[in-house]
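Chains as they are written, first to last, in full-length UniProt numbering: chain F, 1 to 153; chain C, 1 to 696.
Virtual Cβ for every residue (Gly too), placed ideally from N, Cα, C.
For reference, the structure is listed below as structure tokens.
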């Protein structure tokens, strides 16, 4: 039996991406972000999430896509994984869909300019829509940040 | 199970008793002649035994039981304490601690105590006194023994020992005449007579009940006598208004029978004890206090009132789960943020009644803040109390004599700091005893007292608590420190020449450094002091060391009072706001660009007749929209780290504020300049600058 699971759908540079619902804490509108010095460029800073200080990263710049100005539709998706709580800035987040595990295929080498190691799969849904599922633990991998820090130093 | 709810009480109290045992044993070691200390130790051990037995921790109970036997001999002047006995008893305490720890960690509290029990038994018997198993089968006495006269194992062994050592033991039944008006007085006279000539081990009803006239007409006692049966009978018959006095001698065989019947009724007794211990564990010493009374009856009479007053003096406290305090703290932090926000709004709205209300709320909340913070404060004693024992053991194993003098143990620190500060202190104290205080011969050679002194002090000063560890040992051998530092590549030979004495001392805290010739298991693995320093710095504290060759070394630790709410100076840097802990700010001033000097490529400024380095915060934090190079005059904060000062250039000072510390989470780490964050009144996050990272 294929398992069913719910996925939050968000967009990034006109592609649709998905994160499993149980990894997502909340979705917030853009909030004032406090810059944190001496961090990688994709770390935009920290926000006040109802009394808790949460770091925010720009997912476009995390994946090496061109950064964009925040718009009315921009959202911060707060995810929790690997005992970390981090906010992702995305172009928009507006849907929750049901997927079955047999609809998910292994990701090709590169999708929409994003390396396969950040992806856990690709799913077809609706009428000809393609959803790219994120591999959260790889996206939040800190060892890569440390490498980046060393490279920058 | 029902036991679980008593388990935490058991653990708390077992720890308290163990601590008391440790402390009093150390005291006793100083004054081996003071029998009153033995009494206190005995009572702690006894209570611990009762508690353990009722909770079913048999190994704990059997070990404390044997300890009690030894202590009992000591307090009755039948045994003199000596080094061997102290060592054995201390080992027992360690074993007890290990077992209690096992219980805490969810274990069964079992431990291999057979070896220690055998040692204790050896001490009790003195020379191997082969207890001749008596053959006389005087089982007839058993008839006298009703269930209520069953003795516990401790009382049995006391009786056994007295029989073995030739003191006669009697079972005495006294019946008072039915027309007697003051039964308690007659009973008291009987007890008085008995206590003058021996010791009452067990009485039924209990001494307290008899004193309160809560008995029918007769009572019975087990009694260790110093006089023979005839004399005893004569003495007792002198008390008037008695109907009959029956004195029956007790021997080993009948004691053995008693032991068996005790076993038989063990289940019932255990259940009863369980109820008593669980319901009123602290009161436990009061009940056995009466048979313990070794000397005069007046003392026995005084005992109940003494224990009653002790009960009144006990602090009125409740135990609270630390997590509840943490969540209280968190809720309060939220409130504090709202308060700052309200104050801001009120100043914008400018309505008198609103301003007044907000001001009142501010006052109430600052009182509340004090209380919430105080709730989390714990006396450093809870860390210090294990050191006397540690120093004793250490000094012994090193063949040194060391006095540890503790002052200011009542000084309070935040619970979080207390939890973390133990290990660094252990390390520093070990260091002082191992490396600081010299061996006895060396001390005599340099004309010092044979016994070294380590002072452990704690005191408040401003927003900080200081803990100092000072020894009167040989001091730091600076040339040797330098030599090693150069050899290990900590500093170059050129740098070494320029270092001041204090800087050389601080090399001890450099990574991978050890000055001990031999590596001992006590300290000197070279992983020590740098770990100590980083631990203390992670707590927001600082450590420094001063030393006079030949006269001693002093380590000084400065710790923040609390880790959750601090006073801070808010500063502006272009569009960004940052917070500086007020505790590290010496002064604020205006810096003129013209006053800067260039010394070896570093910008310096003259400040109160000394030259201090200038730090550009904008440069350091890569400010996107502020450059201090453009300004002729800038605000500066003079900050301090230990003895060192630095001037930090900022755009604008906003003002002082109480801020709530928040972590940046686990995702952002290794930020050396930023120590945390806080949420300002407008809901924005401001980063807290770590002043220690600005001074190199």
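Buried/exposed call for residue i, threshold 16 Cβ in 10 Å
i: residue 679 of chain C; result: buried
i: residue 47 of chain C; result: buried
i: residue 591 of chain C; result: buried
i: residue 140 of chain C; result: With a pLDDT of 37 at residue 140 of chain C, under the threshold of 50, the modelled position of that residue is not reliable, and the figure given next carries that caveat. Answer is exposed; the Cβ neighbour count stays below 16.
i: residue 699 of chain C; result: The structure shown does not extend to residue 699 of chain C, since chain C is modelled only from 1 through 696, so no value can be given for it.
i: residue 140 of chain F; result: buried
i: residue 3 of chain F; result: exposed
i: residue 10 of chain C; result: buried
i: residue 615 of chain C; result: buried
i: residue 110 of chain C; result: exposed
i: residue 50 of chain C; result: buried
i: residue 357 of chain C; result: exposed
i: residue 8 of chain F; result: buried
i: residue 628 of chain C; result: buried
i: residue 119 of chain C; result: buried
i: residue 589 of chain C; result: exposed
i: residue 17 of chain C; result: buried
i: residue 750 of chain C; result: With chain C covering only 1 through 696, there is no way to say anything about residue 750 of chain C.
i: residue 696 of chain C; result: exposed
Coil, strand or helix - residue i by DSSP
i: residue 10 of chain C; result: helix
i: residue 564 of chain C; result: coil
i: residue 340 of chain C; result: helix
i: residue 424 of chain C; result: helix
i: residue 555 of chain C; result: strand
i: residue 204 of chain C; result: strand
i: residue 213 of chain C; result: coil
i: residue 324 of chain C; result: helix
i: residue 689 of chain C; result: strand
i: residue 81 of chain C; result: coil
i: residue 665 of chain C; result: coil
i: residue 16 of chain C; result: helix
i: residue 502 of chain C; result: helix
i: residue 182 of chain C; result: coil
i: residue 113 of chain C; result: coil
i: residue 547 of chain C; result: strand
i: residue 228 of chain C; result: coil
i: residue 108 of chain C; result: coil
i: residue 162 of chain C; result: helix
i: residue 243 of chain C; result: strand
i: residue 413 of chain C; result: strand
i: residue 318 of chain C; result: coil
i: residue 248 of chain C; result: strand
Length-filtered (4 minimum) alpha helix (DSSP H) runs lying within the UniProt domain "CheW-like" (4-145) of chain F
Listed in chain order, they are 59-62, 136-139.
Segment contact flag, the segment 8-17 of chain F with the segment 91-106 of chain F, C-beta cutoff 8 Å, min 3 pairs
The segment 8-17 of chain F vs the segment 91-106 of chain F: in contact.
Runs of 3 residues minimum, wholly inside the segment 361-407 of chain C: which ones carry the beta strand (DSSP E) assignment?
Runs of the beta strand (DSSP E) inside the segment 361-407 of chain C: 377-379, 402-407.
Assess contact between the segment 382-390 of chain C and the segment 360-374 of chain C, defined as three or more Cβ pairs (one per stretch) separated by less than 8 Å. Is contact present?
Result no; under three Cβ-Cβ pairs closer than 8 Å.
Decide yes or no for the touch test of the segment 30-43 of chain F against the segment 611-629 of chain C: beta carbon pairs closer than 8 Å, at least 3 of them.
Because the criterion of three Cβ pairs below 8 Å is met, the segment 30-43 of chain F and the segment 611-629 of chain C touch.
Across the segment 655-669 of chain C and the segment 327-344 of chain C, are there enough close Cβ pairs to call them in contact, namely three or more that are closer than 8 Å?
Judged by Cβ distances under 8 Å, the segment 655-669 of chain C makes contact with the segment 327-344 of chain C, as three or more pairs qualify.
Segments assigned beta strand (DSSP E), at least 3 residues, entirely inside the segment 431-487 of chain C
With a minimum length of 3 residues, the continuous beta strand (DSSP E) runs that stay inside the segment 431-487 of chain C are 452-461, 464-471.
Let me know the alpha helix (DSSP H) ranges lying completely inside the UniProt domain "CheW-like" (565-696) of chain C, each 4 residues or longer, listed in chain order.
The alpha helix (DSSP H) runs lying completely inside the UniProt domain "CheW-like" (565-696) of chain C and spanning 4 residues or more are 617-620, 691-694, given in chain order.
Complete runs of the alpha helix (DSSP H) confined to the segment 27-82 of chain C [at least 4 residues]
The segment 27-82 of chain C is shown to contain whole alpha helix (DSSP H) runs of 4 or more residues at 35-55, 58-75, in chain order.
Could you tell me whether the segment 247-255 of chain C touches the segment 209-216 of chain C, using the rule of 3 or more Cβ pairs below 8 Å?
As far as the Cβ criterion goes, the segment 247-255 of chain C does not touch the segment 209-216 of chain C, which means the pair count is below three.
If contact is defined by three or more beta carbon pairs under 8 Å, each pair taking one atom from either stretch, is the segment 181-190 of chain C in contact with the segment 233-253 of chain C?
Touching, per the Cβ criterion.
The segment 70-103 of chain F: which residues have C-beta closer than 8 Å to a C-beta of chain C, in chain order?
Result list: 83, 84, 85, 86.
Closer than 8 Å between beta carbons: that is the criterion. Which residues of the segment 682-694 of chain C meet it against chain F?
Within the segment 682-694 of chain C, the qualifying residues are 683, 684, 685, 686, 687.
Is the number of C-beta pairs between the segment 630-648 of chain C and the segment 667-684 of chain C that are closer than 8 Å three or more?
Taking 8 Å as the limit for Cβ pairs, the verdict is that the segment 667-684 of chain C does not touch the segment 630-648 of chain C.
With a threshold of 8 Å, are at least 3 pairs of Cβ atoms found where one atom belongs to the segment 436-449 of chain C and the other to the segment 463-483 of chain C?
Cβ pair count under 8 Å is three or more, so yes.
Across the segment 400-415 of chain C and the segment 454-467 of chain C, are there enough close Cβ pairs to call them in contact, namely three or more that are closer than 8 Å?
A contact exists between the segment 400-415 of chain C and the segment 454-467 of chain C.
Counting beta carbon pairs with one atom in the segment 57-71 of chain C and one in the segment 24-32 of chain C, are three or more of them shorter than 8 Å?
No: fewer than three Cβ pairs fall under 8 Å.
For the segment 567-580 of chain C, which residues have a CB atom closer than 8 Å to at least one CB atom of chain F, in sequence order?
Hits within the stretch, in order: 576.
Evaluate contact between the segment 166-186 of chain C and the segment 224-239 of chain C, counting only Cβ atoms and requiring at least three cross-stretch pairs below 8 Å.
Touching, yes.
With contact counted as at least three CB pairs below 8 Å, one residue from each stretch, are the segment 570-582 of chain C and the segment 473-490 of chain C in contact?
Contact between the segment 570-582 of chain C and the segment 473-490 of chain C is absent, with fewer than three C-beta pairs closer than 8 Å.
Of all the residues that make up the segment 324-340 of chain C, which are near chain F by a beta-carbon distance shorter than 9 Å?
Within the segment 324-340 of chain C, 330, 333, 334, 337 place their CB atoms closer than 9 Å to a CB of chain F, listed in sequence order.
If you pair each beta-carbon of the segment 54-64 of chain F with each one of the segment 121-129 of chain F, do three or more pairs fall below 8 Å?
No contact exists between the segment 54-64 of chain F and the segment 121-129 of chain F.
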